[in-house]
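Going by my numbering, the sequence shown opens with residue 220, and the numbers climb by one from there.
Note that the Cβ used here is the ideal one computed from N, Cα and C, for glycine as well.
Computed from a predicted model, the values in this text were never measured in an experiment.
Below is one structure, written out as structure tokens; comments come after it.
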Amino acid sequence: MSLYKDQAIKIYNSLTKEKEPFNPIHEGAVGMYVCGPTVYSNVHMGNCRTFLSFDLVFRYLKHLGFKVRYVRNITDAGHLENDGESGDDPILKKARIEQLEPMEVVQKYTVDFHETMAKFNALPPSIEPTATGHIYEQIAIVENLITEGYGYEKNGSVYFDVIKFNEDHAYGKLSGRKLEDMITNTRELAAQSEKKNPQDFALWKKAEPQHIMRWPSPWSEGFPGWHLECTAMSTKYLGENFDIHGGGMDLKFPHHECEIAQAEACNHKSPVNYWMHANMLTLNGKKMSKSTGNNILPGELFSGKNNALGRTFTPSVAKFFMYQAHYRSILDFSNEALEASEKGFNRLFDAYHSLSSIEPSAKSSSSISEWKQSCYDAMNDDFNSPILIAQLFEATKFINALKDGNATITREDLEELSATMKAFLFDVLGLEDTTASGDKSVEKLDGAISLLIELRNQARANKDFATSDKIRDELQEVGIQLKDGKDGTTYSLV
Ligand code: AMP
Ligand code: ZN
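As structure tokens, then:
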């Protein structure tokens with residue numbers, strides 16, 4: 220269904236700083252690239268917020284019937300500390316500390332990232348390319364940049380000449396930084412560097428002897444600069460000019476600025492039509508971050524094991540909490556805010572469940588179609604999830620009035636209301652029903668115990684009393700009591 224034909228999306232473009240009508244390059248299809256994680260530690264809730272912000276965009280575009288190719292990379296090489304310019308490679312550092320192969324570090328935290336995203340019910344991207352899998356493409360870009368006159372080699376490393384680029388392009392247009400200001404701020408650093416100018420950034424780095432992750436290149440055995448992988452992979456899978464590029468706000472400079480410079484210098488065109496930046500999740504008013512330790516891990520949230528949290532919260536409640544803020548607003552994480560979200564979440568799902576017991580009786584229709592469109596309007600307005608959720612709460616009030624007999628509804632409207640609630644709660648917001656009435660764990664427990672009772676009966680029939688007693692006793696130990704009666708065996712929770 221091409222719902223998108225009836226909906227007019229606007230996206231806030233960080234490049235123009237305006238909300239612009241969204242017109243994809245190819246009708247009905249969207250290409251979206253989002254910078255993925257650097258896999259040397261567990262993702263924290265801040266990282267999750269950014270990835271969930273783009274999951275919402277992905278889900279909504281799909282819901283509207285767009286064919287979306289969503290590319291999100293894994294940074295598993297070439298990302299040095301200090302914005303990729305100097306210092307240690309964090310993956311190698313972690314490998315030394317944990318006494319692992321660098322690729323073991325990468326694997327461990329990639330798996331953690333995938334498991335976390337699955338717990339949040341985030342959809343996997345269409346392509347998830349790795350930096351190490353695209354060294355060839357990155358070397359080709361460096362060669363191209365040298366040919367174009369924007370890359371220069373020094374002692375086996377290659378740098379991007381920002382001053383040269385700025386002569387015929389505008390460097391700094393995304394972040395709003397002026398090259399002249401940057402030059403005065405960093406002049407004193409220039410002397411110790413191989414770079415012509417401190418603003419130049421690495422395209423290829425010659426590896427020091429102790430650097431394990433290294434590849435041959437025309438310049439040296441080394442590794443690619445951090446910004447290069449996103450240019451290489453977005454171009455390869457989405458083309459030289461594509462629709463949407465996303466990432467966290469902190470990637471605007473230097474990462475995305477450098478991506479723009481590389482792509483424009485290579486391909487002579489602007490790579491991205493809509494730049495989207497998700498704002499930060501804070502803890503105690505400060506940005507959650509890996510390096511400062513000011514963060515909460517998803518695992519700590521689900522288990523309640525963190526000083527900042529009084530108790531556990533489900534992934535869906537945490538996600539709902541995040542979506543109650545717009546992706547471009549800063550959001551502070553706190554126990555109180557999560558508890559408030561949990562109440563709202565339960566109210567919403569309780570109302571959703573009660574829809575199935577409402578009998579349609581009205582003759583004339585209510586304004587469900589208008590309400591439905593206002594849900595779309597919210598999402599069309601730069602993916603405004605808090606307004607969408609406010610609209611779902613409006614519906615909750617109406618459903619409760621229906622339940623209490625204070626309002627009536629036609630069969631058609633009831634169907635439209637149910638279908639719309641379902642679409643937005645599950646398809647668009649990607650929530651999972653973890654409320655008591657939606658919880659299937661009782662049914663699952665019932666099924667599992669019935670199976671154990673059956674196995675126990677078989678054991679008894681075979682005179683294998685060791686097994687039948689073991690089943691009874693160990694169930695008793697975990698608080699499940701079996702009772703043998705004339706109609707068979709039943710159980711109770713003790
Ligand atoms: P990294 O693995 O450090 O490259 O981060 C992965 C993604 O998480 C990037 O898009 C960052 O911008 C984003 N990010 C990092 N910290 C936060 C935060 N506190 N809140 C929201 N997003 C964040
Ligand atoms: Zn990137």
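Please return the same chain residues whose Cβ sits closer than 8 Å to the Cβ of residue i, not counting the five positions on each side in sequence.
| i | result |
| --- | --- |
| Arg-630 | Pro-579 |
| Phe-643 | Cys-594, Leu-607 and Leu-611 |
| Glu-166 | Here the chain has residues from 220 to 713 only, and residue 166 is not among them. |
| Val-697 | none |
| Leu-398 | Val-381, Ile-382, Asn-385, Tyr-390, Gly-391 and Gln-418 |
| Lys-229 | Lys-238, Glu-239, Pro-240, Phe-241, Asn-599, Asp-600 and Asp-601 |
| Ile-577 | Ile-618, Leu-621, Lys-622, Ile-628 and Leu-633 |
| Thr-531 | Leu-520, Phe-521, Ser-522 and Gly-523 |
| Ala-409 | Unreliable placement is indicated for Ala-409, whose pLDDT of 47 sits below 50; the coordinate value is still reported in the next sentence. Result list for Ala-409: Asn-416 and Pro-417, in chain order. |
| Thr-709 | Leu-701 and Lys-702 |
Check the C-beta distance from residue i over to residue j and give it rounded, since I have them as a contact under 8 Å.
| i | j | result |
| --- | --- | --- |
| Val-290 | Leu-457 | 6 Å |
| Leu-557 | Ala-537 | 7 Å |
| Pro-534 | Phe-339 | 5 Å |
| Glu-367 | Cys-485 | 7 Å |
| Met-495 | Ile-463 | 6 Å |
| Asp-380 | Tyr-390 | No, Asp-380 and Tyr-390 are not in contact; Cβ-Cβ is about 10 Å, not under 8 Å. |
| Ile-382 | Asn-416 | 5 Å |
| Thr-335 | Pro-517 | 5 Å |
| Val-262 | Asp-331 | 7 Å |
| Lys-444 | Phe-420 | The identity of residue 444 in the sequence shown is Gly, whereas the question assumes Lys. About 6 Å separates the two Cβ atoms, so the contact holds. |
| Thr-686 | Ala-678 | 4 Å |
| Leu-674 | Ile-690 | 7 Å |
| Phe-540 | Ser-560 | 4 Å |
| Tyr-694 | Leu-671 | Here the sequence assigns Leu to residue 694, which means Tyr is not the residue at that position. Contact holds; Cβ gap of about 7 Å. |
| Val-324 | Ala-337 | Their Cβ separation, rounded to whole angstroms, is 21 Å, which puts Val-324 and Ala-337 out of contact at 8 Å. |
Does the Cβ of residue i have 16 or more other Cβ atoms within 10 Å, making it buried, or fewer, making it exposed?
| i | result |
| --- | --- |
| Ile-316 | exposed |
| Ser-522 | exposed |
| Pro-343 | exposed |
| Tyr-791 | Outside the shown range of the chain (220 to 713) lies residue 791, about which nothing can therefore be said. |
| Asn-625 | exposed |
| Phe-684 | exposed |
| Ala-620 | exposed |
| Ile-549 | exposed |
| Glu-448 | buried |
| Asp-308 | buried |
| Lys-224 | exposed |
| Met-640 | buried |
| Asn-266 | buried |
| Glu-407 | Here the model assigns Glu-407 a pLDDT of 49, short of 50, so the residue's position is not dependable and the matter cannot be decided. |
| Gln-700 | exposed |
| Asp-295 | buried |
| Ser-260 | buried |
| Gly-666 | exposed |
| Gly-247 | exposed |
| Gln-429 | exposed |
Could you name the residues of the same chain whose beta carbon sits closer than 7 Å to that of residue i, not counting the 5 residues immediately before and after it, in chain order?
| i | result |
| --- | --- |
| Asp-551 | Thr-501 and Gly-504 |
| Lys-705 | none |
| Asn-401 | Checking the displayed sequence, the identity of residue 401 turns out to be Met instead of Asn. Cβ neighbours of Met-401 beyond the five flanking positions: Gln-418. |
| Asn-525 | Ile-515 and Glu-519 |
| Thr-615 | Arg-566, Leu-567 and Ala-570 |
| Gly-284 | Met-220, Ser-221, Leu-222 and Tyr-223 |
| Trp-423 | Val-361, Ser-376, Val-377, Ser-436, Trp-438, Gly-441, Pro-443 and Gly-444 |
| Tyr-369 | Phe-379, Asp-380, Lys-383, Phe-384 and Ala-484 |
| Ala-227 | Pro-240 and Asn-599 |
Suppose the cutoff is 6 Å on Cβ atoms and the five residues either side in sequence are ignored; what does the same chain contact list for residue i look like?
| i | result |
| --- | --- |
| Gly-467 | Thr-269 and Ala-497 |
| Phe-273 | Val-253 and Gly-465 |
| His-475 | Leu-393 |
| Arg-547 | Asn-498 |
| Thr-349 | Ile-293 and Asp-295 |
| Glu-651 | Asn-340 and Ser-535 |
| Phe-564 | Val-536 and Phe-539 |
| Lys-425 | Gly-375, Ser-376, Ser-439 and Gly-441 |
Would you say the beta carbon of residue i is closer than 8 Å to some non-hydrogen atom of the ligand HEM?
| i | result |
| --- | --- |
| Thr-708 | With respect to the ligand HEM, the structure shown offers nothing to examine, as its ligands consist of the ligand AMP and the ligand ZN. |
Those residues, in chain order, that have a beta-carbon closer than 5 Å to some heavy atom of the ligand ZN: Per the Cβ criterion, the list is Cys-254 and Cys-449.
Ranges of the alpha helix (DSSP H) found wholly within the segment 361-427, counting only runs of at least 4: Unbroken alpha helix (DSSP H) stretches of 4 residues or longer found wholly inside the segment 361-427: 381-387 and 398-405, given in chain order.
Uninterrupted beta strand (DSSP E) stretches inside the segment 431-505 (no shorter than 3 residues): Fully enclosed beta strand (DSSP E) runs of 3 or longer: 441-443, 461-467, 491-497 and 500-502.
Beta strand (DSSP E) segments (min. 3 residues) lying fully within the segment 307-349: The qualifying runs do not exist here; there are none.
Runs of alpha helix (DSSP H) lying entirely within the segment 222-290, each at least 4 residues, in chain order: Within the segment 222-290, the complete alpha helix (DSSP H) runs of at least 4 residues fall at 264-282.
Start-end ranges of the alpha helix (DSSP H) lying completely within the segment 591-635, minimum 4 residues: Entirely contained in the segment 591-635, the alpha helix (DSSP H) runs reaching 4 residues are, in chain order, 604-622.
Residue ranges of each alpha helix (DSSP H) within the segment 543-594, 4 or longer: With a minimum length of 4 residues, the continuous alpha helix (DSSP H) runs that stay inside the segment 543-594 are 554-573.
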